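As you go down the protein sequences, you meet chains A, B, C and D in turn. Residue numbers for the first sequence follow our numbering, so the first one is 1 and each next one is one higher. Residue numbers for the second sequence follow our numbering, so the first one is 1001 and each next one is one higher. Residue numbers for the third sequence follow our numbering, so the first one is 2001 and each next one is one higher. Residue numbers for the fourth sequence follow our numbering, so the first one is 3001 and each next one is one higher. The beta-carbon is built from N, C-alpha and C at its ideal position, and this holds for glycine as well. As the structure is a prediction and not an experimental result, all values here were calculated from the model. Presented below is the structure to which this report refers.
Protein chains: 4
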Amino acid sequence: MSGNTFGTLFCVTSFGESHGSAIGCVVDGCPPGLALGQADIQADLDRRKPGTSRHVTQRREPDEVEILSGVFEGLTTGAPIALLIRNQDQRSKDYSDIAELFRPGHADYTCWQKYGVRDYRGGGRASARETAVRVAAGAIARKWLAEKFGVVVRSYLAQLGEIPVPFESWDFVAGSPFFAPNLSLQPKLEAYMDALRSEGDSIGARINVVAAGVPVGWGEPVFGRLDADIAHAMMGINAVKGVEIGAGFASVGQRGSEHGDEMTREGFLSNNAGGVLGGVSSGQDILVSLAVKPASSIRREKRSINIAGEAVTVSTRGRHDPCVGIRAIPVAEAMLALVLIDHALRHRAQCGDVRTDTPKVAAQAPSADAQPPSPPKG
Amino acid sequence: MSGNTFGTLFCVTSFGESHGSAIGCVVDGCPPGLALGQADIQADLDRRKPGTSRHVTQRREPDEVEILSGVFEGLTTGAPIALLIRNQDQRSKDYSDIAELFRPGHADYTCWQKYGVRDYRGGGRASARETAVRVAAGAIARKWLAEKFGVVVRSYLAQLGEIPVPFESWDFVAGSPFFAPNLSLQPKLEAYMDALRSEGDSIGARINVVAAGVPVGWGEPVFGRLDADIAHAMMGINAVKGVEIGAGFASVGQRGSEHGDEMTREGFLSNNAGGVLGGVSSGQDILVSLAVKPASSIRREKRSINIAGEAVTVSTRGRHDPCVGIRAIPVAEAMLALVLIDHALRHRAQCGDVRTDTPKVAAQAPSADAQPPSPPKG
Amino acid sequence: MSGNTFGTLFCVTSFGESHGSAIGCVVDGCPPGLALGQADIQADLDRRKPGTSRHVTQRREPDEVEILSGVFEGLTTGAPIALLIRNQDQRSKDYSDIAELFRPGHADYTCWQKYGVRDYRGGGRASARETAVRVAAGAIARKWLAEKFGVVVRSYLAQLGEIPVPFESWDFVAGSPFFAPNLSLQPKLEAYMDALRSEGDSIGARINVVAAGVPVGWGEPVFGRLDADIAHAMMGINAVKGVEIGAGFASVGQRGSEHGDEMTREGFLSNNAGGVLGGVSSGQDILVSLAVKPASSIRREKRSINIAGEAVTVSTRGRHDPCVGIRAIPVAEAMLALVLIDHALRHRAQCGDVRTDTPKVAAQAPSADAQPPSPPKG
Amino acid sequence: MSGNTFGTLFCVTSFGESHGSAIGCVVDGCPPGLALGQADIQADLDRRKPGTSRHVTQRREPDEVEILSGVFEGLTTGAPIALLIRNQDQRSKDYSDIAELFRPGHADYTCWQKYGVRDYRGGGRASARETAVRVAAGAIARKWLAEKFGVVVRSYLAQLGEIPVPFESWDFVAGSPFFAPNLSLQPKLEAYMDALRSEGDSIGARINVVAAGVPVGWGEPVFGRLDADIAHAMMGINAVKGVEIGAGFASVGQRGSEHGDEMTREGFLSNNAGGVLGGVSSGQDILVSLAVKPASSIRREKRSINIAGEAVTVSTRGRHDPCVGIRAIPVAEAMLALVLIDHALRHRAQCGDVRTDTPKVAAQAPSADAQPPSPPKG
């Protein structure tokens, strides 16, 4: 299938450009009978939408989602669920001066050479605006996972530029403009971002994503590995340059005697695996960590070329995120939820009759305290 | 499609267990007219096969591949190419004592709970032995990429446990039992491995993979991103826990003014992107870096449970790799080649008619010297 | 992938219910650079839309399509093309009395037992209204096929109930309310339909579909057969119960000496194969014939059961087509175009480099006169 | 996915050429825990294998299948099941004289123009020999369907050339060299075939396939229709030119008042639908009917061209089936079983939680007597 559909059984087909008339998606394969309303989706969209604080892009988009199909009298019917978000605040003329040149670090040059046609307004199809529809689709996945299995998918900012953000509590995340799990650091993060914005520069971020409550058995040992599909999902988010599962790159320096998570009758004793063994979920928390690069749209001038191949300099004046990592957080949660529901369905398709007498091994720690890996020691 | 097929157009369907009668695969979608013989595939298989030095598993497998179909009079016909490798040195009785227990860090527990049936011999389907067929399939992909586009895919050991292995030259890789691009470090690496083996422990590794000569335009901007598919391919290799593209996790601490690769008429000035912009290849080297965890099969005792849920201790006495990262190197090359050929075919399917007048931007540096990212600064 | 996406590379993902707020689709994988506007799609939609004559349903739907994405400044960009058609004339209250019962011959009973949730209004997802989006998507495929290869896809009514409709000329089709290629029969067909309507009954039809100009080489010899994919596409149209390629069921009574189409330097001498040999197009016209069952929505009473399993009688009073075969004609063309473009892209993906010196064998007859098989002799 | 893989969740990837070293397949997605041995598969293969009577090809192939993987201690493990059949009686020199010419009615010309490389021996990949692997894979599907749901898939010869074969009893099928459900006609069929063989000609056939015991709810209403997938599967069998479901082409002449199958508390009153309503199984017998064209390999001379485009005459002297329809019967059963298991798995993936209180409507007639549609009345 083509490159705008995600998933094998729970499939999301995304469409729309940053400054076109609308973005949206079709969610196919959703189990019937799930209670679903516009509000269930809107709540997640609102976490990602632009303009929520001075630290993210000032584009004003209500991001109101309309459910066009697949829901009848408040329940999913098993038919495809089409979601539509009209673009409002397009200000496309901001982009007329980049119609003929390629912004460094963007998809401008590569998409032009690939397609020979280019909707240059705001990055067109390659814009992070597209990720809103992933959040919308992910909200459906997340609701089903929670109701059916008690799975909880959460995410937080683990590092902002050179500032590590130690995990204190999930309670702080929702109230933080940075999705930071740490209250005391907030002034420092705000000052850091303000400085950055005044310099006209941008910065990278590390995001940690955790899924608690995933039962043992989702995934497969070869190409259908749960961790491989998670990596695909995460690296498929705009600006992501690295993905770790469990101990991640820190496992390079680990010994086998340290890394392999021991099992006891009381539960696992560690979670270096990040909840996936041999491509299959273990019942422990799924731990994922992402590197998000600094936004390429900055005020500072950079060298580039134009469509004729001539040298130019580029400085972006539009409304942009100085740290795209922040708004990537709800997107990462959505993508993880999409991978999980797909594997939940795939698992019961093939293995719906399997029962063993072996007791389930408990996860290492109460999920509420689950804390993904610290940045690797290098 | 199910979880043992890889790729959208150039598809590899893998089969076989570690201690079954054979492993193999079917390669479907290969362009016709490619000159192909058993020797083309065997050369790559020999790089991965066990028993080549004292630093890898001593299982003796000739890994001789038989081409069962799809090649006629020395040319691929466009029909599926079936490849068969008979298992020889199975010594399955080494495994009878683990039939009823779960080795920590392995897929034993998760696959048992998933499938309720378990070929426990050597990990069965979850064994790294399966990766031989990926190498075989990858050899076909690699040959076509080289002949049609001049693409060269290479890989090397970048770190062994806590020892970084600075890149000196590709020339040293082939002669090194560790695929190390550094001659002077070899005695140190050998001593390190010998110590490890005598301790009955194992260690992780970092692998860098480079594809040079990839033309601009392969990949897509949303779910069909080239980098996402690379991440999927790499995280799908047994024991891999982290994947980076270009600057990877180092981009967390970078500013946008530093990260975004400038373009000039003479070429790109840096390659933080790792050859992929907006999910589409840029014409620069594709730079990938992997974290491989330490092997879980070690002599040292670890706690676990058995099928009845009772506490046991496990110590592995079979023949194993103290550093699975070493033999993962040809596998990583193969997987990258498989992703690239798939995208080459997908690209010409959709965009076969596209031509632009914009000159191609040259890669930053001669490919021969291309050097993937150093370990992140953290 | 899930059941509302059609195609491997040129993918159509359909959504929407008969009486929901909208129907539509996402067309993914379209080659960039195709000139495309709303009018290109609307023309085909208008051929299928309800209310065009007294012989089809009187539901009034303008079926105006909106292009939401994937087209920029009049050209396709390679991004997914989302098409939206708002439902207007829903009159859902016509359906309130069937909310609790199952109409014989409809999907009511089966979809209820499958999904446990049912949008009963007008058949919901199973309504033929959904086929409008296939026509819209097919219009894009058809335009590309015509411009790139000169492929022309056409269709006509070959039999109405017991009345065979001999082919006279393509010129008569567009002007006929029945898409009949025969002018002199029109009064007879009108009288037949009027009688049927006054009786409150419905009737089946045979449709012939022809694609001229398809080059040799599209399709594959095993599961990716062009004829198999055509059969899938056609049997996937609501109410279709039979599909023939070329001589179809008449080939049961043929000898090999008669059936096998001879080739000469001047061209093929017959077209029993219907343009497909070994699953691959031969360069001859693709000839397809369909059986469309009589509509199940009739005024006449039939026995059935309700949701509680109790006996009921059902008589449909809504606005319906007495012969759904008529409006299926543009749908059949669209589906054939969708299969063809998908195989065109798949072919150039795998075989884009193939050239032979063997001259192409010409099609048997000028395409303008091409005439699909007569009904089988039985 | 590419064209040699069949199915969405229960996937069969086929390989091998008629005169290569082997044919085989990989069956991926099989539920674990199914008791499976070589004999389970061999039984079905033996029904299709050549040389079983004087009425089919005299090629001597034991068609012994080897299970290479996916089964451990007599149970499927959930891992891919690779099946291998070595070719024995190849006599490829029979084919050297057709290396440079194209047999009429065969894939020779089309595959040559498509691939530019051609394994001409016995049709290579396009040979009906490939269908042995479908039978092998189908045997697995059939066993699971029978054990889990009590589904029984059977097939018989319904017409041989111009001779209709009235259904008398399933009991006669196994003993008939023609799979004819009619004992008294056997002498007539034998005489007919003998005459045909002495004339060096071939003939078409109609095959009816029936699946009894399929529960209500498999399939989907739009592109994932069960009947569409059946049509794909059937038209994908070599030499098939037509497919009917239920009343098939006879429904062209039916009125809605006749066609729509009424439901009562005692069961359905007819089965014009052939067990599928709105793309979803109804619980009635699935009724499929196929037209198989006469074999193109005949002794009689036909005109054709060679690779240089020159006129030639072709007469086939190899060992061939005068009626390929006969040996297609086990293949048709296998393909139907493959479609059914795939939909069984897809259904429980999406709808595994659905329960309704509505009682199931019984099938019209005891399955043992189920009789697919007679040839259409035209």
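>> Tell me the residue span of the alpha helix (DSSP H) that contains B:Gly1204.
In response: Counting along the chain, B:Gly1204 falls outside any alpha helix (DSSP H), and DSSP gives it neither H nor E.
> What's the C-alpha gap between C:Ala2139 and C:Thr2005?
Replying inline: Cα to Cα, the separation comes out at about 17 Å.
> Where does D:Thr3313 land, buried or exposed, given buried means 16+ other C-beta within 10 angstroms?
Replying inline: Classification for D:Thr3313: exposed.
>> Using a Cβ-Cβ cutoff of less than 7 Å, which residues in the same chain neighbour C:Ala2332 once the five nearest sequence positions on both sides are dropped?
In response: Excluding residues within five positions, the ones whose Cβ falls inside 7 Å are Ser2155, Ile2207, Val2209, Met2234, Ile2237 and Leu2290.
> For the segment 2199-2231 of chain C, which residues have a CB atom closer than 9 Å to at least one CB atom of chain B, in sequence order?
Replying inline: Answer set for the segment 2199-2231 of chain C: Glu2220, Pro2221 and Val2222.
>> Just to confirm my understanding: we take A:Ala35, look at its own chain, exclude 5 residues before and 5 after, and list those with CB closer than 7 Å. What are they?
In response: Only residues of its own chain outside the window of five on either side were considered, and among them Gly74 and Leu75 have a CB closer than 7 Å to the CB of A:Ala35, listed in chain order.
> Which two residues bound the contiguous beta strand (DSSP E) that contains D:Ser3257?
Replying inline: Bounds of any beta strand (DSSP E) do not take in D:Ser3257; it lies within the alpha helix (DSSP H) bounded by Gly3256 to His3259.
> Taking the C-alpha atoms as reference points, what is the distance between B:Pro1062 and D:Ser3021?
Replying inline: Note on geometry: alpha-carbon atoms of B:Pro1062 and D:Ser3021 lie some 21 Å from one another.
>> Can you pull out the residues from the segment 2343-2359 of chain C whose beta carbon lies closer than 7 Å to at least one beta carbon of chain B?
In response: Answer set for the segment 2343-2359 of chain C: Leu2345, Arg2346, Arg2348, Ala2349, Gln2350, Cys2351, Gly2352, Asp2353 and Val2354.
>> Alpha carbons only, please: which of A:Thr13, A:His106, A:His320 and A:Gly246 is nearest the one belonging to A:Asp28?
In response: Comparing alpha carbon positions, the residue from A:Thr13, A:His106, A:His320 and A:Gly246 closest to A:Asp28 is A:Thr13.
> Would you say C:Lys2011 faces chain A, with C-beta separation under 8 Å as the test?
Replying inline: What sits at residue 2011 of chain C in the sequence shown is Cys, not Lys. Against chain A, the CB of C:Cys2011 has a partner CB under 8 Å away; the residue lies at that interface.
> Given a threshold of 16 other Cβ atoms within 10 Å of its Cβ, counted over all protein chains shown, does C:Ser2069 qualify as buried or as exposed?
Replying inline: Buried is the call here.
> List, in order along the chain, the chain E residues whose C-beta lies closer than 9 Å to that of D:Glu3333?
Replying inline: Absence of chain E from the displayed structure is noted, the protein chains being A, B, C and D.
> What's the gap between the Cα of B:Gln1284 and the Cα of A:Leu277?
Replying inline: Rounded to the nearest whole angstrom, the CA to CA distance from B:Gln1284 to A:Leu277 is 35 Å.
>> I'd like the ranges of any alpha helix (DSSP H) spanning at least 4 consecutive residues and lying wholly in the segment 1232-1275 of chain B.
In response: For the segment 1232-1275 of chain B, whole alpha helix (DSSP H) runs of length 4 or above, ordered along the chain, are 1256-1259.
> Curious, which full-length beta strand (DSSP E) runs of at least 3 residues does the segment 1277-1351 of chain B contain?
Replying inline: Counting whole runs of 3 or more residues, the segment 1277-1351 of chain B contains the beta strand (DSSP E) stretches 1286-1292, 1302-1305 and 1311-1314.
> Would the beta-carbon of B:Ser1257 fall within 8 Å of that of A:Arg300?
Replying inline: Yes. Within cutoff.
> Going by the beta-carbon positions, is the gap between D:Ser3198 and D:Ala3295 smaller than 8 Å?
Replying inline: No, the Cβ-Cβ distance between D:Ser3198 and D:Ala3295 is not below 8 Å.
>> Just to confirm before moving on: does the CB-CB distance between C:Val2071 and D:Gly3003 stay below 8 Å?
In response: Inclusion of C:Val2071 and D:Gly3003 in the CB contact set at 8 Å is not warranted, their separation being larger than that value.
>> Against A:Pro32, what residues of chain D qualify as contacts under a CB-to-CB distance less than 7 Å, listed in chain order?
In response: Within chain D, Cys3351 and Val3354 have C-beta atoms less than 7 Å from the C-beta of A:Pro32, given in sequence order.
> Buried or exposed: D:Phe3010, going by 16 or more other Cβ atoms within 10 Å of its Cβ?
Replying inline: Label assigned to D:Phe3010: buried.
> Would you report the Cα separation of A:Ser350 and B:Ala1079, rounded to the nearest angstrom?
Replying inline: Checking the sequence shown, residue 350 of chain A turns out to be Gln, not Ser. Roughly 29 Å between the two C-alpha positions.
> Name the chain A residues that come within less than 7 Å of C:Arg2142, Cβ to Cβ?
Replying inline: Close partners of C:Arg2142 in chain A (Cβ separation under 7 Å) are lacking, with about 19 Å as the shortest Cβ gap.
> Of all the options D:Asn3306, D:Gly3150 and D:Gly3204, which has the alpha carbon lying nearest to the alpha carbon of D:Ile3341?
Replying inline: Of D:Asn3306, D:Gly3150 and D:Gly3204, the residue nearest in Cα terms is D:Gly3150.
> Under the DSSP definition of a beta bridge, which residues are partnered with B:Glu1066?
Replying inline: In the DSSP assignment, the residues bridged to B:Glu1066 are B:Leu1084.
> Between which two residues does the alpha helix (DSSP H) containing D:Thr2966 stretch?
Replying inline: Any question about residue 2966 of chain D goes unanswered here, given that chain D covers just 3001 to 3378.
> Tell me, which residues are paired with B:Phe1015 by DSSP?
Replying inline: Beta bridge pairing from DSSP links B:Phe1015 with B:Gly1024.
> D:Phe3167 CB to nearest chain C CB: under 8 Å?
Replying inline: Chain C, which has no Cβ nearer than 8 Å to the Cβ of D:Phe3167, makes this no.
> Does the distance from the CB of D:Leu3196 to the CB of D:Ile3329 come in under 8 Å?
Replying inline: Not a contact, by the Cβ cut-off of 8 Å.
> Are the CB atoms of D:Ile3286 and D:Gly3267 nearer to each other than 8 Å?
Replying inline: No. Outside cutoff.
>> Is there a C-beta anywhere in chain D that falls below 8 Å from the one on A:Gly278?
In response: No - not a single Cβ of chain D is within 8 Å of the one on A:Gly278.
>> On a Cα-Cα basis, can you pick out the residue from D:Val3065, D:Asp3046, D:Val3354 and D:Arg3346 that is closest to D:Gly3219?
In response: Sorting D:Val3065, D:Asp3046, D:Val3354 and D:Arg3346 by C-alpha distance to the C-alpha of D:Gly3219 places D:Arg3346 at the top.
> Shorter than 8 Å from the beta carbon of B:Ile1298 to some beta carbon of chain A?
Replying inline: It does: the Cβ of B:Ile1298 has a partner Cβ on chain A nearer than 8 Å.
> Alpha carbon to alpha carbon, how far is D:Val3065 from B:Ile1041?
Replying inline: Whole-angstrom Cα-Cα distance: 26 Å.
>> With a threshold of 8 Å between beta-carbons, can D:Glu3017 be considered close to chain B, or not?
In response: Yes, its Cβ sits closer than 8 Å to a Cβ of chain B.
>> Let me confirm a value: D:Gly3309 is counted as buried when at least 16 other C-beta atoms fall within 10 Å, else exposed. Which label applies?
In response: By the neighbour-count rule (16 or more Cβ atoms within 10 Å), D:Gly3309 is not buried but exposed.
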